[in-house]
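In our numbering, the protein residues as written are 13 to 874. Glycine included, C-beta positions come from ideal geometry on N, C-alpha and C. Small disclaimer: the values here were computed from a predicted structure and weren't measured. Data block below; observations after.
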């Protein structure tokens with residue numbers, strides 16, 4: 013029994029047990045002998061255990077208060093050390109908290125739908141293309157033949173004009189099948205969902221509003237239900253309002269309409285524009301669904317050998333639709349933030365080691381006065397935890413300021429209503445890493461120093477500058493250098509990729525060009541003549557504005573809209589949508605090539621003479637001419653494209669239609685007049701481009717007035733400078749490079765501080781040795797060489813493994829590096845040079861201090 017009681021006494025602090033443990037055992041033994049019987053014995057134990065727990069907690073609290081008071085006084089005497097330690101921890105905790113906040117928000121949390129692990133997205137696939145939208149007939153056949161899904165729905169994105177409600181406005185919308193929203197498990201906040209009948213051809217128009225549009229344009233009035241609104245001039249009845257958090261398929265969505273598929277929509281299997289979402293049946297795995305869809309796709313290829321040639325099926329979890337580059341970037345940022353935390357912890361451990369060794373005399377004196385090792389360790393641990401908590405608190409503020417910048421990396425296509433924030437989950441993570449930092453990297457210095465806190469520490473001039481403690485501090489600094497090399501190389505590779513993309517020629521001149529969008533609604537502008545009347549009137553007035561040098565319309569502005577792929581056909585052969593037999597289709601008005609500065613290589617541009625009743629013509633890009641007529645003059649050649657046979661009248665330079673990072677398909681430009689009424693209306697011109705000799709932004713009010721005069725119900729949207737559109741191509745990479753560059757710079761500086769701190773500490777502890785060396789004839793340059801050699805050894809010991817790890821990191825980041833190789837020699841050489849420069853700077857002040865050591869004073873101190 014007494015053995016159990018003695019074990020329970022371990023709940024008390026060691027100092028308390030040493031002073032009162034024996035007496036407490038004697039009192040308990042006496043009370044134990046004075047009772048007999050089972051019940052009195054049980055009551056004695058219950059009372060004793062309760063007393064032990066309460067008093068042990070009180071004793072620990074009393075010791076903690078003493079330690080906290082002592083810590084406050086101790087840190088108050090060394091504010092420089094305290095501030096440095098807090099800032100180091102704040103950088104590590106802040107970087108990791110911010111990175112975790114965004115990564116948790118995007119990668120770890122489930123989508124905001126019920127049973128998200130059963131929601132999948134269905135795609136077509138072809139060689140070179142893993143994710144291709146479905147055509148209506150392929151969607152119908154895949155859906156009819158599947159047995160792995162509870163249901164399959166489809167949608168496609170669109171934009172639509174809201175008129176008759178104050179100012180006309182262009183809104184992002186989605187046309188959805190009636191079963192799509194039930195598949196996602198969503199119910200409207202107000203009203204009801206679509207019925208299958210409302211998707212039938214000729215059904216009355218209905219619409220669901222987003223919460224944001226309902227609040228912004230209708231004031232949140234519940235009376236909006238049943239109200240008719242004009243969308244592209246057609247009446248639609250509002251049947252419901254979706255919840256605030258529902259923003260599928262993207263955050264800009266403003267309303268949903270029924271997807272109405274007409275019989276003629278099922279005639280073309282190559283017209284891929286539908287996104288399909290399915291819900292797996294219970295017990296059906298993703299692999300089972302993929303296998304079934306591939307069998308169905310193979311059967312369809314046999315039934316339609318031309319249209320479905322090489323067309324397979326792909327099924328992915330809806331939660332896995334995050335772009336690979338975004339996923340890789342977030343993981344890279346988390347890794348970089350973890351590296352910063354590692355360096356911060358190494359710096360903190362070095363600071364605590366140096367401080368503890370400097371306090372060795374004080375700790376030895378406390379040991380001589382009766383303080384036990386546990387008491388000293390507890391005091392030093394309290395100090396490290398206090399520093400960590402203070403640094404963690406500041407780190408949370410750093411994260412608050414950093415998260416908005418990181419949030420810009422989140423794709424707008426994610427169906428989420430809010431951005432990442434520092435919620436309870438993130439704060440718990442911050443608390444966890446703060447605690448691990450304080451405890452994990454405070455315990456080793458505390459144990460090391462307290463083990464050596466003996467009476468030798470009371471000797472005047474006794475130093476501890478070598479041995480195992482020195483090796484530990486050196487290892488920590490080497491680790492800092494190694495990690496900083498990895499981060500510097502990674503940031504350097506991203507910067508090289510960014511600079512390389514910024515140097516890419518987009519194929520047109522971006523300066524002084526204003527762009528805006530006027531999407532003409534159907535059926536109001538269902539005829540080519542009505543559309544051309546609008547374009548002609550707007551362009552004639554815009555071209556007459558002071559400062560305007562040229563203006564034109566185009567169906568898809570390069571880089572702003574990347575769609576518009578059409579098969580190229582020769583000699584009446586069947587249409588084959590293969591990678592080497594398609595081109596990018598653009599309808600334009602005269603003056604487009606001049607406005608964008610696209611060079612004319614051969615022939616002529618599109619002119620006013622290219623009317624609907626004149627021969628159908630086309631202007632093609634150089635890559636188109638090289639691909640299809642490599643040894644023949646392309647001028648005068650004929651091919652079938654966009655439903656008509658056309659003659660090549662001109663060749664222009666290639667344009668980066670799909671962005672600076674991707675090689676675009678060959679381009680074909682067609683006069684906007686030469687398209688039949690009701691034919692491929694999705695490709696009708698919508699983007700107005702205006703080149704000016706002065707600031708084109710000043711022309712915007714005048715252009716708005718012109719459009720309103722031509723059609724008062726026509727909204728203007730997407731007003732941007734062409735330079736902004738091209739700059740946006742590298743904006744994500746700029747943020748990537750900035751974030752990783754900042755982290756790398758922090759790591760670089762912390763590593764430099766680590767080298768400086770270690771050498772300063774070494775010089776301080778070897779001052780007697782240096783004095784003796786100088787007394788025996790050592791010259792200042794010998795002392796300089798001794799200190800510099802130690803610094804260079806530390807740097808090289810960190811740089812060599814760092815280079816290897818940096819190369820491995822570069823290979824992992826290759827998807828983000830564009831054309832830059834992970835072993836880019838210039839980047840590695842620059843980083844190694846920076847590290848050597850950092851070492852030289854870190855050695856500077858310790859070296860100056862070493863050569864100023866007075867030999868006589870040093871030997872007297874010894």
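Put simply, of 224, 835, 863 the residue whose alpha carbon is nearest the alpha carbon of residue 817 is 835. From the listed residues 828, 821, 801, 795, the smallest Cα separation to residue 863 is found for 795. Note that the C-beta distance between residue 104 and residue 449 is below 8 angstroms. As computed with DSSP, residue 159 is found in no beta bridge at all. Shown here, residue 59 sits in a helix according to DSSP, grouped into three states.
Apart from sequence neighbours up to five positions away, the residues of its chain that approach residue 246 with a beta-carbon distance below 6 angstroms are 217, ordered along the chain. The DSSP-derived three-state label of residue 227 is helix. If one requires a minimum length of 4 residues, no alpha helix (DSSP H) run lies completely within the stretch 115–145. Within the stretch 207–257, the beta strand (DSSP E) runs of at least 3 residues that lie entirely inside it are, in chain order, 218–221, 240–243, 246–253. Here residue 188 really is in contact with residue 165; their C-beta atoms are around 7 angstroms apart, less than 8 angstroms. Residue environment for residue 135: buried (at least 16 other C-beta atoms within 10 angstroms of its C-beta). Between the stretch 179–186 and the stretch 256–266, the count of Cβ pairs shorter than 8 angstroms is three or higher; the stretches touch. Look at residue 641 here: in three-state DSSP terms it is coil, with no helix or strand label.
Look at the beta carbons and you see the stretch 606–620 touching the stretch 557–571: at least three pairs across the two are nearer than 8 angstroms. As DSSP reads the structure, residue 560 sits in a beta bridge with 704. Looking from the CA of residue 454, the closest CA among 141, 406, 399 belongs to 399.
Per DSSP, the continuous beta strand (DSSP E) segment holding residue 730 begins and ends at 729–733.
For the pair residue 752 and residue 361, the CB atoms are not nearer than the 8 angstroms cut-off. DSSP, read as helix, strand or coil, puts residue 430 in coil.
Per the coordinates, the alpha-carbon of residue 352 lies some 14 angstroms from the alpha-carbon of residue 410. Pairwise C-beta distances place the stretch 192–201 out of contact with the stretch 339–356, as fewer than three of them are shorter than 8 angstroms. Apart from the 5 residues on each side of it in sequence, residue 171 sits with its Cβ closer than 7 angstroms to the Cβ of 182, 183, 184, 185, 531 in its chain, given in chain order. Using a Cβ distance threshold of 8 angstroms, residue 696 and residue 514 do not count as a contacting pair. Less than 8 angstroms separates the beta-carbon of residue 210 from that of residue 190.
Separation of residue 675 and residue 668 (C-alpha to C-alpha, rounded to the nearest whole angstrom) is 7 angstroms. For residue 546, the enclosing alpha helix (DSSP H) starts and ends at 540–555.
Boundaries of the alpha helix (DSSP H) harbouring residue 194: 192–196, taken from the DSSP string. Burial of residue 29 is indicated by the presence of at least 16 other C-beta atoms within 10 angstroms of its C-beta. Looking only at 339, 154, 388, the smallest Cα-Cα distance to residue 120 is reached by 339.
Looking only at 740, 856, 849, the smallest Cα-Cα distance to residue 775 is reached by 856. Taken atom to atom, the span from the alpha-carbon of residue 302 to that of residue 487 is near 51 angstroms.
The Cβ-Cβ distance between residue 110 and residue 414 falls below 8 angstroms.
Between residue 632 and residue 622, the CB-CB gap reaches or exceeds 8 angstroms. Segment contact: the stretch 75–85 against the stretch 325–336, fewer than three CB-CB distances shorter than 8 angstroms; contact not assigned.
From the listed residues 229, 267, 205, 248, the smallest Cα separation to residue 222 is found for 267.
C-alpha of residue 690 to C-alpha of residue 280: approximately 16 angstroms in a straight line.
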